[in-house]
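The numbering used here puts the first residue of the sequence shown at -5, with every later residue one more than the last. A virtual CB, placed ideally from N, CA and C, is assigned to each residue, including glycine. Since we're looking at a predicted model, the values are computed, not measured. Data first, discussion second: the structure below is written as structure tokens.
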Amino acid sequence: MNKVLTISLLSAFLSACTVGPDFEKPSLSVQDSFQSIEGYDVTESAALISWQQAYQDPQLQQLIEKALLQNFDLAIAISRIKEARAYADIADSSFYPSLGLMAESERVSEGSATDYDDTHQLKGVLAWDLDLFGYNRRASEAAWAELAALGQARNVVEMNLVADVASTYFTLKDLEEKLSLSQRTVVLRERAFYIAQLRKENGMVSGLDVRQAEVELESANVTIPSLKLQHLETMNQLKFLLADEQTHVSGGIDLTEQVLPVSIPVGIPSQVLMRRPDVLQVEAQLHAATAEIGMAQANLFPKITLTSEFGFESGQLSGLLSGDSSYWELVGGITQPLFNAGKLRNDLSAAEQRAYQASLQYKKIVMHAFLEVSNQLMAFKSSETIYLAQKKLLVAAREYGRLARIRYRNGVASALDFMDAQRKLFDAQLSFSTAKKGRLLAFVNLYRALGGGWTAPLTI
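Below is the structure:
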């Protein structure tokens, strides 16, 4: 009972002697809610939905799942977590004594080739540094905080990876749609060019109409090589994200039919910021930097080391393990720094400045996150407005083209009027595809800004 009480009192005493500041999360001076934007609730955060709910295209979901399994950056981030866990366990090992086994033999000559003494030893060495001022505890605290920071860094990589795959996929679908539009338009304009040539041969139109038809045909033709190049580059980017050169995308949902969450509510900033892994990452880094101040302060105080040896010593190897040869000793040592040209004081000053820098970095990331969400929320709202406007423009351009075709066939309108209507329809189709992509990319960016797109990994 007395032994238990003694150990408890000693543990309490050692804990009370831990020097250095304890970590406290910096207070934030941010608004309680985002600027009100019509059409959005402020009830909960869209970041709370899974990426499977955010991106409902089965083809896209397969690509994201593959990227999460194979992406190089994510694999590196996971490996760094495992490395940091090993270092954290190393830091914790300092709480325990070290035990070693040593065997040695010594022969000492006393002036003659035949006059010498032999000594043989087999001993165990036990050493323990008493963590009187908390250096080891602060080192452990810093190591586990670094592990937490790397865990959040891994989540940042996953969040960005999910967003990058989705963005690349939507860009790829946009290019496919534009390429298909251009190829269909080329076929239609080849036919129009052929008809214009026949009409000229029959004296129904002038050479100007033929050249105009040719200009419209080549203006459609010239878009195809550029679109094919962009498609190849985007496809290669997707392959790189998936770390698979054999990736092939087929099928999937067209841009027009892509389903977004019915509503996109956003939470108040404190909820959003607590969710974002980059904010949690710099918070953990600040925690580690704060613990390192305690490590630097502890170095200013004495260090107490206990060393114990126990074993066997004999002049004859055959008698080494006999009972008479056993021995033990216990040595206690204390080391107090006296003069080191200011090194330890400067180490402490450097640690304090690193912690100060980490606190500024934390506040910087928090402010950036707050402003980024505000920007992306407005960007998504603007993309929806553009999408609806381009949709109306496409409807109007189709009607304009239909009427121009009727008037041209009836001889009321000229070929130039008809070709102008076709050109405007083609431009409207391309612009609408861009607007659809822009709306989807704006959602991807908003979802990422809210901290969505990652899931808590299994314990490594």
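Using alpha carbons as the reference points, say which of the options lies closest to residue i.
i	options	result
residue 147	72, 296, 121 and 375	72
residue 185	44, 210, 171 and 420	210
residue 283	269, 302, 349 and 268	349
residue 301	94, 55 and 361	94
residue 67	198, 97, 121 and 158	158
residue 206	16, 417 and 60	417
residue 213	234, 187, 237 and 201	187
residue 360	266, 44 and 120	266
residue 21	437, 425, 404 and 357	357
residue 376	430, 341 and 345	430
residue 456	335, 281 and 444	Outside the shown range of the chain (-5 to 454) lies residue 456, about which nothing can therefore be said.
residue 269	296, 229, 175 and 447	447
Using the three-state DSSP reduction, which class does residue i fall into: helix, strand or coil?
i	result
residue 327	strand
residue 367	helix
residue 298	strand
residue 99	strand
residue 12	coil
residue 437	helix
residue 118	strand
residue 113	strand
residue 447	coil
residue 81	helix
residue 94	strand
residue 182	helix
residue 125	coil
residue 303	strand
residue 442	helix
residue 67	helix
Give me the Cα-Cα distance between residue i and residue j, rounded to the nearest whole angstrom.
i	j	result
residue 89	residue 81	14 Å
residue 222	residue 192	32 Å
residue 196	residue 49	56 Å
residue 292	residue 252	59 Å
residue 78	residue 421	54 Å
residue 154	residue 442	7 Å
residue 449	residue 162	21 Å
residue 113	residue 99	6 Å
residue 225	residue 368	32 Å
residue 329	residue 127	13 Å
residue 30	residue 140	Low per-residue confidence applies at residue 30: pLDDT is 47, beneath 50, and the placement is therefore not dependable, though the value from the model is reported in the following sentence. Approximately 38 Å between the Cα atoms of the pair.
residue 304	residue 337	37 Å
residue 298	residue 121	11 Å
residue 342	residue 362	30 Å
residue 202	residue 63	59 Å
Assuming residue i is part of the alpha helix (DSSP H), what are its boundary residues?
i	result
residue 198	Note, residue 198: premise wrong, no alpha helix (DSSP H); not H, not E.
residue 20	Here residue 20 belongs to no alpha helix (DSSP H), and DSSP marks it neither H nor E.
residue 224	217 to 236
residue 45	45 to 48
residue 286	271 to 292
residue 58	52 to 64
Cβ atoms of residue j and residue i: under 8 Å apart, would you say?
i	j	result
residue 409	residue 402	yes
residue 462	residue 42	Residue 462 lies beyond the stretch modelled for the chain, which goes from -5 to 454, so this question has no answer here.
residue 412	residue 396	no
residue 65	residue 236	yes
residue 277	residue 136	no
residue 150	residue 240	no
residue 423	residue 388	yes
residue 215	residue 181	no
Any heavy atom of the ligand NAP inside 7 Å of the beta-carbon of residue i?
i	result
residue 138	Annotation note on the ligand NAP: not contained in the displayed structure, which lists no ligands.
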